[in-house]
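Undergrad:
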Amino acid sequence: MSTPTELGLSVFEPPCHGCRKWRPTFAALSVVLCVLAAFAAGPAGAAPLSDCTPHRGKVVAVDFAHWGGPIVRGCGIDQPSGYALLHAAGFTTAGDAHDGAAFICRVGNQAFHDGIVYPTSSEDPCTVTPSTSAYWSYWLAPAGQNSWTYSPVGPMGDVPKPGEVELWTFGATDIGGTGGSGVPRFPPSTLRAANAAPPTHTTPTRSTTPTRSTTPTRSTNPVPSATTR
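To convert, count from 1 in the sequence shown and add 10; that's this note's numbering.
Pasting the structure below:
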């Protein structure tokens with residue numbers, strides 16, 4: 011094999027005073043290639059959705075409906091936090107400049123728009139903590155529970171339990187997570203691993219039909235409703 015000098019190529023080598031010049035060996039190159047292959051293989055701990063059962067593994071889903079996208083699911087087995095589960099399941103995230111990675115400001119997945127993380131920088135520069143009017147909210151449903159609980163802690167503090175389903179939705183919520191466009195419109199059962207596919211987005215329907223009185227009555231002493239902040 012010709013050397014770079016024999017091929018007429020100029021190679022810059024900085025002077026090394028008092029040190030021994032390192033030359034790559036076949037063994038060293040093999041180690042480097044193995045490490046690169048490990049990184050290219052995908053997130054550590056990732057598992058096919060079929061590996062998650064009602065009592066083993068945890069399902070995490072991200073709803074990209076705000077951008078006209080699907081609900082994307084993933085599975086993890088033994089991740090120590092919701093943050094680790096999200097990444098192990100194939101999602102990428104970015105924090106904000108104020109809080110760092112601990113506060114998830116953007117989320118992406120290769121299954122939607124080739125992994126673009128949302129919201130984009132034009133929608134939110136992610137320099138400060140997003141307001142509750144437009145942010146990624148975090149929802150939990152332990153095994154056997156078919157209603158969502160707004161997570162009181164962030165993904166770094168949450169410890170996923172076997173059979174649990176976790177969901178990320180983008181939109182607005184009140185401080186307690188009881189109302190707003192970011193509240194999930196479908197039950198956790200639709201995302202559990204037993205279902206072949208997550209729900210498609212439809213216009214939400216009410217469980218009851220409101221009725222209107224033909225003759226409205228007015229209270230003589232109206233009492234203003236309380237405002238929750």
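Virtual Cβ for every residue (Gly too), placed ideally from N, Cα, C.
Since the model is a prediction, treat every value here as computed from it, not as a measurement.
1) Given that a residue counts as buried once 16 or more other Cβ atoms are within 10 Å of its Cβ, and exposed if not, what is Gly189?
2) Got a sec? Which residues, its chain only, sit under 6 Å from Cys136 by beta carbon, not counting five neighbours each side?
3) By Cβ distance below 7 Å, which residues in the same chain neighbour Glu174 in space, the five residues on each side in sequence not counted?
4) In angstroms with no decimal places, state the Cα-to-Cα distance between Tyr160 and Thr179.
5) Give the secondary structure of Trp158 by DSSP, where H, G and I count as helix, E and B as strand, and everything else as coil.
6) Which first and last residues belong to the beta strand (DSSP E) in which Leu150 is found?
7) With a threshold of 7 Å on Cβ separation, who are the neighbours of Thr63 within its own chain once the five nearest residues in sequence on each side are excluded?
8) Do you know how far the Cα of Asp168 is from the Cα of Leu95?
9) Nearest-angstrom Cα distance between Glu176 and Ser132?
10) Going by DSSP, what residue range makes up the beta strand (DSSP E) through Ala98?
11) By how many angstroms is the C-alpha of Ser147 removed from the C-alpha of Pro140?
TA: In terms of the structure at hand:
1) Translated into positions along the sequence shown, residue 189 becomes position 179. Its Cβ having fewer than 16 others within 10 Å, Gly189 is exposed.
2) To locate residue 136, count along the sequence shown from 1; it is residue 126. Excluding residues within five positions, the ones whose Cβ falls inside 6 Å are Asp106 and Cys115.
3) For this step, residue 174 is matched to residue 164 along the sequence shown. For Glu174, where only same-chain residues beyond five positions count, the Cβ hits under 7 Å are Lys68, Leu150, Ala151, Pro152 and Ala153.
4) Within the sequence shown, residue 160 is the residue found at index 150, counting from 1. Within the sequence shown, residue 179 is the residue found at index 169, counting from 1. Tyr160 and Thr179: Cα-Cα distance of roughly 11 Å.
5) Along the sequence shown, read from residue 1 onward, the residue named residue 158 stands at position 148. In the structure shown, Trp158 sits in coil (DSSP, three-state: anything other than H, G, I, E or B).
6) By one-based count along the sequence shown, residue 150 stands at place 140. Residues Tyr145 to Ala151.
7) Working through the sequence shown from its first residue, we reach residue 63 at position 53. Taken in chain order, the residues that qualify are Ala203.
8) Along the sequence shown, one-based indexing puts residue 95 at 85. Along the sequence shown, one-based indexing puts residue 168 at 158. Roughly 10 Å between the two C-alpha positions.
9) Counting from one through the sequence shown, the residue named residue 176 turns up at place 166. Counting from one through the sequence shown, the residue named residue 132 turns up at place 122. Distance between the alpha carbons of Glu176 and Ser132: 28 Å.
10) Locating residue 98 in the sequence shown gives position 88, where the first residue counts as 1. Ala98 -> not in any beta strand (DSSP E); alpha helix (DSSP H) instead, spanning Gly92 to Ala98.
11) Here residue 140 refers to the residue found at position 130 when the sequence shown is read from its first residue. Here residue 147 refers to the residue found at position 137 when the sequence shown is read from its first residue. Whole-angstrom Cα-Cα distance: 11 Å.
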